[in-house]
Every structure is written in C-alpha cells, then in structure tokens.
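Numbering (our numbering), first residue to last: 76 to 354. Think of the CB as a built atom: it goes at the ideal place given N, C-alpha and C, for glycine as much as any other residue. See structure below.
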Amino acid sequence: MLKRILSKGGLYGALTFFIVFSAAPFYVMLITMFKRSHDLFNPNNNPFLLNEPLTLEHLDLLFNQTLYTKFLLNTFLVGIAVVAITVVLAVPAAFSLARMAGRWGENLGIGLFLTYLIPPTLLFIPLTRVVSTLGLQNSLWSLILVYPTFTVPFCTWLLMSFFKSVPREIEEQALIDGCSRLGAFYRILLPISVPGIVTVIVFAFTLVAHEYIYALAFIQDSMKKTIGIGMTTELVRGDVFYWGALMGGALIASVPVAILYTIFLDRIISGLAIGTAKR
C-alpha cells in the first residue's frame with residue numbers, strides 16, 4: 076500500500092513539475108504585460124509578482140504605436156497560403172512514396188526529410204537571389220514561395236508514415252468495386268487520412284508562425300512584416316527593449332496557436348499515433 080502511494084505521489088509530483096515548468100513562460104509573459112516600467116526595471120522587486128498597481132501602457136504601445144495587428148494579419152495570410160500549398164503537394168507526394176515498392180520509396184522519403192534539416196542560415200543567401208530574380212523582394216509572396224521549401228519535406232515525411240499504416244486491402248477493394256486509382260484515393264483514402272492531414276496543417280502553420288530568418292531577409296517594409304520579425308524590429312530600438320509590449324505581443328500571438336492545438340488535439344494525437352504505428 077505504501078509503495079503504491081509513493082508511486083502515485085512520484086507520478087503526480089513529476090506531472091505537477093512539468094505543468095508548472097510549461098506554464099511558467101506564459102505566466103511571466105502575462106504578468107510582465109501588466110507591470111509598470113519602474114516595476115520591471117527595479118532589481119529589488121520580485122519579478123514574478125505585481126509589486127505596483129497594474130498598467131495598460133504596454134498594450135497601448137503595442138496596439139496604438141506599432142503595426143501589431145497588421146503583423147498578425149500578415150502572419151495569418153501567409154500561414155493559410157503556405158498550408159494550402161503544403162497540403163496540395165505533400166499529400167499526393169507522401170501517398171506515392173508510401174506506396175512505392177521496395178526501398179526506393181523509403182530512401183526517397185528519408186532524402187526528402189533530410190532537405191528539411193538543412194539550416195535556413197545556409198539557404199537564405201541563394202534563396203535571396205531567387206526571390207530577387209523573380210521580383211518578389213519585400214513582398215509577402217516571397218514568404219509564400221519560400222516557406223513550402225521546408226514545410227513540404229517535413230509534412231511529406233510525416234504523412235508517409237501515416238499512409239503506410241493504411242492497409243493496401245482498402246485501396247484494392249475500392250478498385251475492385253469500380254473506382255479508379257485516383258477515385259479510390261479521393262473517396263476512400265483521403266477521408267481516412269483526415270487525422271494525419273489535420274496534424275500536417277497544424278504543424279505547417281506553426282512552422283510558418285515561428286519562422287524568423289527568411290522573413291528578416293526578404294521583408295523590409297513594416298506594413299508587410301510577420302509577427303516574428305515585426306515585434307523584434309519594432310519593439311527593440313537600439314539598446315532599449317520594450318519588455319512589457321514584447322511579452323504582451325508574444326502572449327497574444329500564442330493564444331490562437333494554443334486554441335488550434337486544443338481544438339484538434341484528439342485528431343493530432345490520433346494522426347501521430349497512427350503514423351508512428353508502423354515506423
């Protein structure tokens with residue numbers, strides 16, 4: 076009995092630690108957003124408490140003295156476009172590679188994933204030349220063109236494992252029933268693949284929202300900046316860091332992503348679980 080209690084106590088203790096550890100950044104962002112500047116920069120004050128009455132000056136700076144809402148809108152537009160391109164390219168590519176006979180499909184899938192692992196710091200220089208040649212410099216279209224270079228490989232590799240877990244017999248039965256191979260794919264396999272596709276959509280949008288190097292290299296106009304570079308370039312002026320506005324902007328921008336993960340949590344877990352079942 077004592078052993079069981081200690082075991083459960085250890086489990087709940089570890090769980091509590093990880094919950095507090097994960098929630099701590101959000102708490103710091105929330106409390107910093109409402110702290111007065113004097114409270115923030117006074118070394119004698121507790122950084123984890125409101126030592127002075129709260130203020131809305133940082134939110135006023137964020138929404139009324141920067142283009143924060145425009146940054147959010149730009150990020151959303153680019154994310155939606157890149158997700159659409161990624162799904163259109165990754166789904167048929169992953170299915171083709173998953174169904175390819177022998178080790179060719181597996182090797183091609185691994186090679187495709189390796190392209191995702193190449194650091195953006197090595198690629199943004201040649202990609203800058205490509206973007207400049209196409210006349211897309213300082214345009215959101217440059218990001219829509221470049222971002223699929225890392226979302227498509229990653230999402231294709233992720234979906235490959237999912238399609239491998241779908242029995243071939245389902246596809247063969249649809250062919251026997253009179254469907255073409257394309258018809259079997261759209262009528263049978265795509266509905267089954269919804270959890271995997273939802274997982275890809277969420278991951279692709281998150282990758283786009285977090286990207287920094289390409290956006291910094293290709294966008295100079297403040298009206299066209301995404302949230303990643305918009306906040307850091309507009310709220311860090313010389314050696315002055317507007318911590319309250321930075322933390323508030325980061326917290327507000329993270330809320331939609333958190334809601335997205337919460338809404339589709341079951342499907343994401345289902346997609347990842349099925350996709351890793353036959354790795």
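Nearest residue (CA-CA) to residue 267, options 238, 301, 276
Its Cα nearest to that of residue 267, the residue 238 stands out among 238, 301, 276.
Using only CA atoms, which one of 155, 247, 305, 164 lies nearest to residue 143?
That would be 305, whose Cα lies nearest to the Cα of residue 143.
Would residue 105 be called buried (16 or more neighbouring beta carbons within 10 Å of its own) or exposed?
Of the residues assessed, residue 105 falls on the exposed side of the cut-off, its CB having fewer than 16 other CB atoms within 10 angstroms.
Helix or strand or just coil, what does DSSP make of residue 116?
Three-state DSSP puts residue 116 in a helix.
Quick one: give me the first and last residue of the alpha helix (DSSP H) that residue 230 is part of.
First-last of the alpha helix (DSSP H) with residue 230: 223-239.
Assigned secondary structure, residue 93 (DSSP; H/G/I helix, E/B strand, else coil)
Secondary structure of residue 93 (DSSP, three-state): helix.
What is the DSSP secondary structure of residue 312, reduced to helix, strand or coil?
Strand at residue 312.
Can the beta-carbon of residue 298 be found closer than 8 Å to that of residue 83?
Judged by their CB atoms, residue 298 and residue 83 are not nearer to each other than the 8 Å cut-off.
Could you pull out every residue in the same chain whose Cβ sits closer than 8 Å to the Cβ of residue 254, ignoring the five residues on either side in sequence?
So the list reads 262, 263, once near-sequence residues are dropped.
Can the beta-carbon of residue 231 be found less than 8 Å from the beta-carbon of residue 165?
Taking 8 Å as the Cβ cut-off, residue 231 and residue 165 qualify as a contacting pair.
Taking 8 Å as the cut-off, does the region 279-287 touch the region 116-136 (at least 3 CB pairs, one atom from each stretch)?
Output reads no: the region 279-287 does not touch the region 116-136.
For residue 210, report the span of its alpha helix (DSSP H) as first-last.
First-last for residue 210: undefined, no H or E at that position.
Might you give, ordered along the chain, the residues of its own chain that have their beta carbon closer than 7 Å to the beta carbon of residue 111, omitting 5 neighbours on each side?
Within the same chain, residue 111 has close Cβ partners 127, 130.
Cβ-Cβ distance between residue 235 and residue 173 below 8 Å:
Contact: yes.
Grouping DSSP H, G and I as helix and E and B as strand, with all else coil, what is residue 111?
Note: residue 111 maps to coil in three-state DSSP.
The alpha helix (DSSP H) spanning residue 138 covers which residue range?
DSSP places residue 138 in the uninterrupted alpha helix (DSSP H) bounded by 132-139.
Just confirm the distance between the C-beta atoms of residue 292 and residue 161, as a whole number of angstroms; I'd bet it's less than 8 Å.
Not confirmed; about 21 Å, so no contact.
Could you spell out where the alpha helix (DSSP H) holding residue 145 opens and where it closes?
143-174 is the span of the alpha helix (DSSP H), which, as asked, contains residue 145.
Status (buried if at least 16 other CB within 10 Å, exposed otherwise) for residue 121
By the neighbour-count rule (16 or more Cβ atoms within 10 Å), residue 121 is not buried but exposed.
Where residue 242 falls, given that 16 or more other Cβ within 10 Å makes a residue buried
Label assigned to residue 242: exposed.
Proximity of residue 153 and residue 218 at Cβ, strictly below 8 Å
A distance below 8 Å separates the beta carbons of residue 153 and residue 218.
Under 8 Å between the Cβ atoms of residue 221 and residue 212?
In this structure, the beta-carbon distance from residue 221 to residue 212 does not fall below 8 Å.
Contact check, residue 310 vs residue 320 under 8 Å by CB: the rounded distance?
Beta-carbon to beta-carbon, residue 310 and residue 320 are separated by about 5 Å, close enough to satisfy the 8 Å threshold.
Buried or exposed: where does residue 223 fall if 16 or more other Cβ atoms within 10 Å of its Cβ makes it buried?
Buried.
Does the distance from the C-beta atom of residue 229 to that of residue 280 stay below 8 Å?
Taking C-beta atoms as the reference points, residue 229 and residue 280 fail to come closer than 8 Å.
Expressed to the nearest angstrom, what Euclidean distance is found between the alpha-carbon atoms of residue 86 and residue 99?
Note on geometry: alpha-carbon atoms of residue 86 and residue 99 lie some 20 Å from one another.
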